[in-house]
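Protein chains in written order, with the numbering used here: chain A, 3 to 502; chain B, 150 to 674.
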């Protein structure tokens, strides 16, 4: 195995593959950073350009785009609060808070370094453990998917801060928004008011752009917050090696969570980043900093996000089953190059598989170099005059939500979500739970119903994995409430004593 | 405040009127230039699934091979997933009938359109050419001990109705085939729908079900997977060991298959239709095209529009029959009224009107009460509660739980509503109990004009076109924000418009709206 990998790395370090990797990473970062373009769209758009290439080179280019795009979403999340992908929502929570404190350089540095480290970790897991892990992934019962989604929803407790009631309502709003459209099981249309574009429900990308980027602009215009930080005050606060070293455990933990959750087809980077954020906060020495610009929070989100790329490649390469939207496109690309992903590919063309593995390792290192250099450029976004920046964000929102499927309806949705986000901000409702609900809603519902169809309602408790996860979810949701209540009581008692 | 909530509520109607506007726009076809130099711009193939599925692959493969014969313009594949094909069909029907928009279709579209009550769309497209089909096959996991059809049958007898068949969505072409197979074989099965073939195969490999119904190529993923029965007249060349249903003694299953082909909006000029027929036939016989389908268990062959249309009509009849028998055929109300087809429409309209009145009264009462400072917050909750009630009423019209799907389409939305209602009430109670004077919030006048400006921009795009509207909006909004640097404004506006045009329109083939006005004159791009 090692020999194959080493020869793969040797083959990758030649001009052709290196150019493909660098080009793929740069393009990928641009795709990820542009709200409205998702990693899967980026890869799909590039497929026609690979027709003339050899299969290995084509896949190297496409995988590099995937890796670059998975990171790119965090740039706009940090600099302008416009997560390019759903999984970057969690990055935006602390990353944008850091930007507003003038610590954008620190957030950008952490996100790129943690991304590459987690990407390399995920690739190593893919290389050494893909076969046993794939066996676990396919045996995952719908009841267990449901339990995982509930577990993901329980992370609201972490996002809530003091205000669990509002966070919970926001999540249910997201879950309800998710039920609009065609019912995934019966095919019935729900709450669509006969509007054709709604038969597919509210799309995630316009919702993301509206809720986060537009509502931020609206709130800033309302409060006339147009002051710009000076570049010399934000430009030279890049993290040092010591800063990165302090995040070693968070990075490792989030890489593991990202890779493991990424393995399960259909679960993906978004759940991983929410769960990782929740985990890190619980284990952190300073949980109160989360949400207020915590470097750990950025690392937890980004590590899980990038680790999930390696995870999603596990079922793709070992079984030929797509674990995410982007890997589904990769399967199509492989078919075009007359390759059938699956166990046979390991036997028939190991040099191709190990070429991809090697390219993923190299691509993450290239990502680090390109990203660090690029961060010096992206940081300048924070010194663009706010009035110009806000105008550009609204333009980007319009064109980005239109581009998803050439529909003005989606632009109106984006605007609507922007106003919704502004109202929610005004009355202190957190926004991230809405996205969590929108992402997890259909996973929870389809698997809940599928599980009952397969084995009846008792299945959730009779399968040990799902029972454990559900119990953990309830516990992790209830604990913060109980501790908060206790703290309140203790405070009241102390006050009573003081008064006495 | 309330104005904006009302705006939020009214989002759906503008969306509707917009799509209607776009539809009428499509109908007024501009004079088509002479077909001699066709095509003069990239040709689009609209695919009704996300990238990655078999039809997406077919379209992309076609685009690649067709380049040989049409070197002057590329074929661009565009994915418009949603509604089992409805979104893609409507996209093509909104474009002019000039042949630049080709729809990649499968037999699955026919069954889904019938199941969702949109068979009008079947009538509205021109079923132009059939290019291939593949038989449905029954795949099992040999590791589980089900290595042949008799074993599947035996297992089904032992497990009553509890044998799980994994497959695609309820009411889809594979579901109908599965039901037919079970009936012809005299067995019972339980259909478990998955959102993608890949996920269903993963479940089969994880031993979560007994049978997967799919395409022959699905069996190539692993050595453990075995094709135990083929619903075709003869064995497949690529899988010579797999027996047909006829050989297995199950009659009436020689022709369970999925076909793929291309369709256009009706009304494409005859010379262009002929041009496409010629091209598609050439591609069908191209050695590269044939080679790419080798070992996939697909049977290729070009059939022209009259034969294809007859096939579609036959299929439509068959699906109507089976879907009705399976209890999956939904009659849908006329599409003229916004609320038609949603159960007790008048009752629902009355409820909505009542809730609007209640909210208005509540707003007036609040403004006159001591809770004036918390007006916005309370009104938000009240609107949320009203919407929840409307949604709850609408769940009445959804299909009720069935013996197969005991939760049903209404179960989960209701669960969320049950959770939302008490929480919203409790939150309102907390505000009312607190009696704290909320800090009065300033009227955000600048924001309101900003929002008004942006909304009119979005609404004007379909009329003025993206470029012109943007050229007006950007300087306007910067001026509104009191940004007074004319040169910077001009530079930013110019570069953004150029950037978005080059990147989106030219490189990503995003069709930025050209605008009704410009369309009337000519198309400079």
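Think of the CB as a built atom: it goes at the ideal place given N, C-alpha and C, for glycine as much as any other residue. Small disclaimer: the values here were computed from a predicted structure and weren't measured.
Interface partners of residue i on chain A, CB under 9 Å
i                      : result
residue 341 of chain B : 144, 452, 455, 456
residue 524 of chain B : None at all; the shortest Cβ gap to chain A is about 11 Å.
residue 348 of chain B : 267, 268, 323, 324
Cα-Cα separation between residue i and residue j, rounded to whole angstroms
i                      : j                      : result
residue 255 of chain A : residue 281 of chain A : 9 Å
residue 186 of chain A : residue 449 of chain A : 10 Å
residue 525 of chain B : residue 362 of chain B : 54 Å
residue 407 of chain B : residue 466 of chain B : 16 Å
residue 168 of chain B : residue 241 of chain B : In this prediction, residue 168 of chain B has a pLDDT of 38, which is less than 50 and means its spatial position is unreliable; nothing more can be read from the coordinates.
residue 319 of chain B : residue 553 of chain B : 11 Å
residue 146 of chain A : residue 263 of chain A : 12 Å
residue 604 of chain B : residue 440 of chain A : 25 Å
residue 301 of chain B : residue 273 of chain A : 37 Å
residue 275 of chain B : residue 497 of chain B : 38 Å
residue 155 of chain A : residue 432 of chain A : 14 Å
residue 600 of chain B : residue 104 of chain A : 28 Å
residue 360 of chain B : residue 470 of chain B : 25 Å
residue 250 of chain B : residue 195 of chain B : 7 Å
residue 329 of chain A : residue 203 of chain A : 23 Å
residue 485 of chain A : residue 477 of chain A : 12 Å
residue 97 of chain A  : residue 617 of chain B : 36 Å
residue 445 of chain B : residue 282 of chain B : 11 Å
residue 203 of chain B : residue 468 of chain B : 22 Å
residue 1 of chain A   : residue 471 of chain A : This structure cannot settle anything about residue 1 of chain A, because the visible part of chain A is limited to 3 through 502.
Unbroken beta strand (DSSP E) run spanning residue i, endpoints
i                      : result
residue 425 of chain B : Where residue 425 of chain B is concerned, there is no enclosing beta strand (DSSP E), although the alpha helix (DSSP H) it sits in stretches over 419-433.
residue 407 of chain B : 406-414
residue 289 of chain B : 286-290
residue 250 of chain B : 250-255
residue 361 of chain A : Per DSSP, residue 361 of chain A belongs to no beta strand (DSSP E); it is in the alpha helix (DSSP H), 352-380.
residue 378 of chain B : 374-379
residue 176 of chain A : Element bounds for residue 176 of chain A: not the beta strand (DSSP E) but the alpha helix (DSSP H), 166-181.
Three-way DSSP call (helix, strand, coil) for residue i in this model
i                      : result
residue 502 of chain A : coil
residue 219 of chain B : coil
residue 444 of chain B : coil
residue 275 of chain B : strand
residue 226 of chain B : strand
residue 83 of chain A  : coil
residue 74 of chain A  : helix
residue 424 of chain A : helix
residue 298 of chain B : helix
residue 391 of chain A : helix
residue 14 of chain A  : helix
Residue i - containing alpha helix (DSSP H), residue span
i                      : result
residue 95 of chain A  : 91-102
residue 506 of chain A : In the structure displayed, chain A extends from 3 to 502; residue 506 of chain A sits before or after that span and is not available.
residue 222 of chain A : 217-224
residue 158 of chain A : 158-162
residue 513 of chain B : 494-517
residue 621 of chain B : 615-629
residue 471 of chain B : 454-474
residue 574 of chain B : 557-583
residue 328 of chain B : 322-334
residue 208 of chain A : 206-210
residue 361 of chain B : Taken as a continuous stretch (DSSP letters only), residue 361 of chain B belongs to no alpha helix (DSSP H), being part of the beta strand (DSSP E) at 360-363.
Proximal chain D residues relative to residue i, where beta-carbon distance stays under 8 Å
i                      : result
residue 569 of chain B : Of the chains in the structure shown, none is chain D; the protein chains are A and B.
Proximity of residue i and residue j at Cβ, strictly below 7 Å
i                      : j                      : result
residue 413 of chain B : residue 324 of chain B : no
residue 214 of chain A : residue 84 of chain A  : yes
residue 139 of chain A : residue 265 of chain A : yes
residue 447 of chain B : residue 438 of chain B : no
Partners in chain B for residue i, counting only beta-carbon separations shorter than 8 Å
i                    : result
residue 1 of chain A : The structure shown does not extend to residue 1 of chain A, since chain A spans only 3 to 502, so no value can be given for it.
Interface residues of chain A facing residue i [CB-CB closer than 7 Å]
i                      : result
residue 660 of chain B : 408
Contact list for residue i against chain A, beta-carbon separation under 8 Å
i                      : result
residue 206 of chain B : 334, 337, 338
residue 213 of chain B : 50, 53, 338
Chain B residues whose Cβ lies nearer than 7 Å to that of residue i
i                      : result
residue 293 of chain A : Those do not exist, as residue 293 of chain A stays about 20 Å from chain B at its closest Cβ, beyond 7 Å.
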